[in-house]
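Q: For the sequence shown, this note's numbering assigns the number 144 to the initial residue and increments by one for each residue that follows.
Glycine included, every Cβ here is placed at the ideal spot set by N, Cα and C.
There's a structure below that I have some questions on.
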Amino acid sequence: MSTNFQCEYCNHYYASRNAYAQHVGRCIKTVICSSTEESGEDVSSMVSSVNEMLLDNGDFSHINEFQIIQEENLPSVSEVSYKFENDQDYEGDISFSGRLSNMEECENFDEILPASLRSCENFDEILPASLRSCENFLSASLQSYDEPEEEPEVESIREFPNEAYADLMTLVIENNLSNKAGNAIIKFFNKHSDLPQSSPLPKNIETGRKFMNKMNISQLSYSKYCILIHNGQEYFIHYRPIKNCIENLLSNPEILKYFMFKYENSEEEKSYGEQNSGNWWKYAKESIPSSAFILSIILYSDATTTDTLGKNSLHSIYLSLGNIPTWRRNKEDAKQLLGYFPILSAKNKTEKESSDFKKLARKTFHDSIKFLLDPLFQGDGGVDFNIDGKDVWFFPRISTIICDWPEACTFSLTYKSANSNYPCHFCLVQKEDLIDIRKDQLILRDHVNMKEYFNNGTSNSAGLEQVDNYFWNIPNLNIYTATVPDRMHHLDLGLFKYQIEFTTELLKLKPGKLVDDMNKRIAKIPRHSGLKVFKKGVQSLFQLTASEYRDMMKIMVFVVDGLYSEDLSNVYVKWNEMYLLSRLENFKESDLQDFQKAINDWGNIFIKLFRDISRSNLKFPKLHSWIYHIVNTIREHGAINGYTTETYKSLHKTYVKIPYRLSNKKNVEKQIMENIRCRAIVMRNHVKKTKTPVAFTYTAKLFDFNFSEAIINEHRDNPKLNKNMSKEKESSDFKKLARKTFHDSIKFLLDPLFQGDGGVDFNIDGKDVWFFPRISTIICDWPEACTFSLTYKSANSNYPCHFCLVQKEDLIDIRKDQLILRDHVNMKEYFNNGTSNSAGLEQVDNYFWNIPNLNIYTATVPNRMHHLNLGLFKYQIEFTTELLKLKPGKLVDDVNKRIAKIPRHSGLKVFKKGVQSLFQLTASEYRDMMKIMVFVVDGLYSEDLSNVYVKWNEMYLLSRLENFKESDLQDFQIRCRAIVMRNHVKKTKTPVAFTYTAKLFDFNFSEAIINEHRDNPKLNKNMSKVDNFHDRSWFSNIAINMNIEELSDYQTDNGICYARTLLITEIRLPNKSTPLHLALVQWYDFKSEMTPFVYGCPLLELVELYNFIKIEAIEDIVHIISRFDKTNEHFVI
């Protein structure tokens, strides 16, 4: 061992500074306690002074963080004991090895140890004899390190010691804070609370977590059980007792409000909605005493990866109750984690591929299920559960198991291969007949016939594993029908995905580039709220989510329209009809017949089109089970919405992925269970915490630095200083310090003017004149204006304007009357609440808030030279160049030639190299460019390009007026607005209620303005063509409720007509107090009176008919897609 660091108290040696630092703190305490035991000295004050000397030092932070690092990266003593409690081969002191390995990794202490401690002598005389040997001392010091952190074992703890303790742990658990962040909160609280007594908070977060682990709440307990020993390795199931999980659900008052106890039998036509309306519930209820109730158990099981690389995984199982209505069961608190199954590891590839290993995996799964569920089925007398203080007699029954097809095979113990002879877990159908068999020929699987195969040793003849199925022993359960088809995996991620892939393969068979045409059509689908756009076509379909596939369903019928054949269009039409029916909340018998017909209609076209495309000739178990078994499943268990995995998938994030990231990746299941238990505890005390108190949101503040001369001298030779400084420069704290320094400097300069409220006398021509100094304007560029106003100095911030509170997306789309101007009042409110970030404001006190008659946000005025000459006009030139590059030909070269040909004139700079010479121009030179560009672009591209330079010059000349009348300001505003809208290419956000498409002006219908604009020949043209979105014309298409008296005059879609909005305006009439809100629309009409609907959608054409309508007549915004390869034909979807 290195002898660089020797303890002066016990002569023990350490390899690094930090190891020495950790030891010496404990050693001093031990030595002083021993030496002053009889002298009566105040030990606590001595130790406190030593600690202060050490911890007040900024670079000592790595020592203070030692425990935090150890907590986050190493298992605690209890965890190590947990890990090795069944390991008979392990010998040794676990806690010693764990601590020592950490000590040896520490460094850098000697330089910052106070001088008073470096010179201590004769400690051998005061050190107890029992501690003078290295071994005895190290053992005692380690013991002293561990023991103070332990809370006394109190088995009856059920609540937190106080509300502050509970709120702190709630904050840490709900926001997934690390121990380090939590400890910073504790330190902040203890420093600023000024409480007369001891702190109500735990010493550190690790102590708080240990306290929560000892809280005796039986419903939240968790355990592990060794289910198997294989290849010398123990495999545990980590679980929560199933009765506890059910009790948790039954103790939730929000769930009990809607809890269903009885079978629902409709007196009219039989309908199937909630699970208690299905036949399974009916027959289960008939098998139990009339005074008892069915407790419907729903299981969901799925394996998921724990990290982004997919190297590790966990197999979780969850529980819910069919007694809870579907809409309520879809919420996370209506589901409970039951446990994690063990995942077996093979010793080599040969064993992994062997049939024995696969059987062992299946058997282990069913043994685990048996262990979890057996407590519910011990005896035939049912189970009592307490609801609202009363015992209710239930008979637990497993109703449905929600999972994907491979997992269903695991539960039913059928072969998990689509190539097996009997791949369907619902029935005994051979692979060759999966899509060709008649429904009346099906032989359904049940416990009786499957047991017969098993007992005869002929399981292989039924595609069955030769493993005893636990579920054969559960009453009122047919495991083969209980593993219901899951719509998300069967349709969204299954059959529809195949349909897209087969469509692509089908188009490749036909001459031409039909796949490219399909991709182009997909890319041209207009945007609509809530609809994902696939700009790369089918190339972007890999790894899509179920939600994105549902977006594809909405558009594919229009994409393939007329592309290949009528059948290809119809297969997507029939798919949508079938899919929409599958999402019904209730099915009557007549609805089930319609649903089965819709499935058959789609299936027939699907098989006809794609059978030869598929390598397996569509021998898909999912296709078979959807066509032949889904309708009967609805009759048994209710509507499909009640057993889809769409809302269960999100559980992986809460119960696997987030807790895994918070663990130290050792003994993962135990740590995850502890995390989930802690989360459940805080939820009991705090149902939902929507906002974290601003004053306690600290994530990295650990120390306050005292930059005294001594500390500067102590650290000036630190080789890591420059490295730390570069990190500091990029930190938010350093940027805040720079802003604060700027305002402190401004304060120092200006304060002499504003001391007192009596003004200042200045001498003018020998006479004292009484003045009140006031800051009127601050002239600077935009970044400097941000420094004065203390708004974020980034154009990408959420609120980049220092004048008003407007979001980045709405910078050029918001109406002027919607602006919220910044002032000292509202900005101070954000600052005082600690929510400055919500206003794009630095959390630094603004000196100018204290200056009278000053609004710093309006005083930092726009500077014309930077805003226009070096700003917007420069952008206009650059964008013009890019626009010209998009058109075939050499238009940019033409621009350069035209610029070079501009004749010389006195005072006008000549640009002989064209736009290539525009880099690093001065403001004066850009003003020269303004004079010539309108002539350069004349007739080169479009009339709009010429007009944008014409309007620029009109606006710029007005901006240079010496005086502005109110009428001049109105003209100036109109021209500014026109410039903005002409340059506005990409519109990133449109308010739903007011979808503007070409609004250039706010009209005040006074006589003067009407006369001014009525003869403008460009007005209508501008109104319909100016605004673009993603390089395409963008209009809002709307559905309009027609007057009942007018319905006979038009062909309508159930009283609805469709139109395109061109303008939304507010009209103020002199004799009316209430303004009129009108929309100028262009109407759609049905393309044909004979066939108004195609693919079930209205087929429209845009007609030359315009009207102003009241905003109130607009029913909704609709998505209209232009028909590909057709002129003026449009679908409403």
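Classify Pro1296 as helix, strand or coil using the three-state DSSP reduction.
A: Because the chain spans 144 through 1276 in this model, residue 1296 falls outside it and cannot be assessed.
Q: Give every residue of the same chain whose Cβ lies closer than 7 Å to the Cβ of Ala489, excluding the five residues on either side of it in the sequence, and list them in chain order.
A: Lys495, Phe500
Q: Do Leu1011 and Tyr1099 have their CB atoms nearer than 8 Å?
A: yes
Q: Do Gly522 and Phe537 count as a contact pair if the criterion is CB distance below 8 Å?
A: no
Q: With DSSP as the reference, label Asn1165 as helix, strand or coil.
A: Confidence is the limiting factor: at Asn1165 the pLDDT is only 44, short of 50, which leaves the residue's position unreliable and the question unanswerable from this model.
Q: Can the beta-carbon of Phe991 be found closer than 8 Å to that of Leu997?
A: yes
Q: Which stretch, first to last residue, makes up the alpha helix (DSSP H) that contains Ala118?
A: This structure cannot speak to residue 118, because the chain is shown only from 144 to 1276.
Q: Run the CB neighbour count on Ala162, radius 10 Å, all protein chains shown included, and call it buried at 16 or more, exposed below.
A: buried
Q: Beta carbon of Asn621, beta carbon of His590: below 8 Å?
A: yes
Q: Would you give the residue range spanned by the alpha helix (DSSP H) that Cys944 belongs to?
A: First-last for Cys944: undefined, no H or E at that position.
Q: Using DSSP bridges, identify the partner residues of Leu984.
A: Thr934
Q: Please name the residue or residues paired with Val627 in a DSSP beta bridge.
A: Val627 pairs with Ile545.
Q: Determine whether the beta carbon atoms of Ile541 and Ile617 lie at a separation below 8 Å.
A: yes
Q: Could you tell me whether the Cβ atoms of Lys1056 and Glu1068 are closer together than 8 Å?
A: Going by C-beta atoms, Lys1056 is not nearer than 8 Å to Glu1068.
Q: Hey, which unbroken runs of the alpha helix (DSSP H) at 4 residues or more fall wholly within the region 528-576?
A: 548-555
Q: Using only alpha-carbon positions, find the residue among Val1004, Pro628, Phe1054 that is nearest to Asp924.
A: Val1004
Q: What does DSSP give as the partner residues of Asn333 in its beta bridges?
A: Its beta-bridge partners do not exist; DSSP assigns none.
Q: Taking DSSP as the reference, what is the three-state secondary structure of Ser439?
A: strand
Q: From Phe520 to Pro539, what does the alpha carbon distance come to, in whole angstroms?
A: 8 Å
Q: Phe877 to Lys936, Cα distance in whole Å?
A: 14 Å
Q: The ligand ZN and Glu317: does the residue's C-beta get closer than 7 Å to at least one heavy atom of that ligand?
A: No copy of the ligand ZN occurs in the structure displayed, which carries no ligand at all.
Q: Am I right that Phe639 and Ile756 are in contact with their C-beta atoms under 8 Å? What's the rounded C-beta distance?
A: Contact flag wrong, Cβ pair sits at about 15 Å.
Q: Should Glu214 go down as buried or exposed, given a rule of 16 or more other Cβ atoms within 10 Å for buried?
A: With a pLDDT of only 36 at Glu214, under 50, the local geometry of the prediction cannot be trusted, and the value read off the model is given with reservation. Buried, because 16 or more other Cβ atoms sit within 10 Å of the Cβ of Glu214.
Q: When you compare the region 1216-1229 with the region 1193-1206, are there three or more beta-carbon pairs, one atom per stretch, that lie closer than 8 Å?
A: yes
Q: In its own chain, which residues sit with a C-beta less than 7 Å from the C-beta of Ile819, not counting the 5 before and 5 after it?
A: Leu480, Tyr798, Pro802
Q: How many Å lie between Glu377 and Ala427 at the Cα?
A: 39 Å
Q: Which of helix, strand or coil does DSSP assign to Thr787?
A: coil
Q: Residue range of the alpha helix (DSSP H) that Arg1203 falls in?
A: First-last for Arg1203: 1199-1210, but that is the beta strand (DSSP E), not the alpha helix (DSSP H).
Q: Can you give the beta carbon distance from Arg726 to Asn775, rounded, assuming they're within the 8 Å contact cut?
A: Incorrect: roughly 18 Å between the Cβ atoms, too far for contact.
Q: Does DSSP put Asp659 in a helix, in a strand, or in coil?
A: helix
Q: Looking only at its own chain, which residues have a Cβ that is under 7 Å from the Cβ of Tyr1018, when we skip the five neighbours before and after it?
A: none
Q: Pull the bridge partners of Trp615 from the DSSP assignment, please.
A: Beta-bridge pairing links Trp615 to no other residue.
Q: Give me the residue from Asn529, Asn599, Leu442 with the minimum Cα distance to Glu550.
A: For Glu550, the nearest C-alpha among the options comes from Leu442.
Q: Does the separation of the CB atoms of Phe914 and Gly902 fall below 8 Å?
A: yes
Q: How long is the line joining the alpha carbons of Ser433 and Lys425, rounded to whole angstroms?
A: 12 Å
Q: For the alpha helix (DSSP H) that Tyr803 lies in, which residues bound it at each end?
A: 801-805
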